[in-house]
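First up is the structure itself, then whatever we jot down about it.
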Ligand code: ZN
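Residue numbers (the numbering used here): 460 to 718.
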């Protein structure tokens, strides 16, 4: 197993070494190693009783904000306590070495940025800011979210007392058009896409690897579970990203130094 893994990592690194524009598409699997569960996964059990498709929706936020905030509170607390892991740091190193141009992430936890990645497209937003549903003023989450997590008091607009909505994309809500446009452009212009820690089940993000492939890019998949794109990928490593990305980054860096 270890031998087979080394071989796959070496093959992936060789492809990476020949690429000129690399994009990483990351999902929940990247952050499970930091203690943030994949809330869409039935395995976590964190949201037992609550269907995230319902409770994390724009509908629920509008008509029953207490239900929504009760759901988001433990997640917000976990995100506040979480630290970037070895997989986040490996991607940040690759970017610093000029071997990775863009990270497109489905995660809202900001761990890529905190690990040092600069060019991050957060498809589903983040908890960094909150927007007033009444006057649309945007407020930094700092302090407000901590207070909410600690005391459970719903965050309200200091200007008009309207409810503040975290700037994350809820079910039934469109992605930010600007971020989505930039992500599609990156996917179309890359010649290598790394899919890391995503089972590619959530649209429209899941369609990005296919767009890259249709324009001639190669794809490397590192994920515990199979994905629909595996059969068209150049290398598929079915393992935890934390066990693979640090070695892969090292191999890419070493291949570069040996040139
Ligand atoms: Zn307001």
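Just so you know, even glycine gets a beta-carbon here, dropped at the ideal spot from N, CA and C. It should be emphasised that the depicted structure is a prediction, and the values quoted were computed from it without experimental measurement.
The three-state secondary structure of residue 581, taken from DSSP, is strand.
In this structure, DSSP gives residue 603 a helical state, which the three-state scheme calls helix.
CA-CA distance, residue 690 to residue 528, rounds to 40 Å. Between residue 664 and residue 539, the beta carbon gap of about 24 Å keeps them out of contact (Cβ cut-off 8 Å). The Cβ atoms of residue 609 and residue 570 lie no closer than 9 Å to each other. For residue 617, no beta strand (DSSP E) run applies, since DSSP gives it neither H nor E. Between residue 613 and residue 604, the gap from beta carbon to beta carbon reaches 9 Å or more. Residue 696 has 681 as its beta-bridge partners, per DSSP. Between ligand 1 and the CB of residue 649, the shortest heavy atom gap is not smaller than 8 Å. At a Cβ-Cβ threshold of 9 Å, residue 582 and residue 563 count as neighbours.
For residue 618, the distance from the CB to the nearest heavy atom of ligand 1 is below 8 Å.
Buried is the label assigned to residue 607, since at least 16 other Cβ atoms lie within 10 Å of its Cβ. Taking C-beta atoms as the reference points, residue 633 and residue 647 fail to come closer than 9 Å. Taking all protein chains in view, the Cβ of residue 684 is surrounded by fewer than 16 other Cβ atoms within 10 Å, so the residue is classified as exposed.
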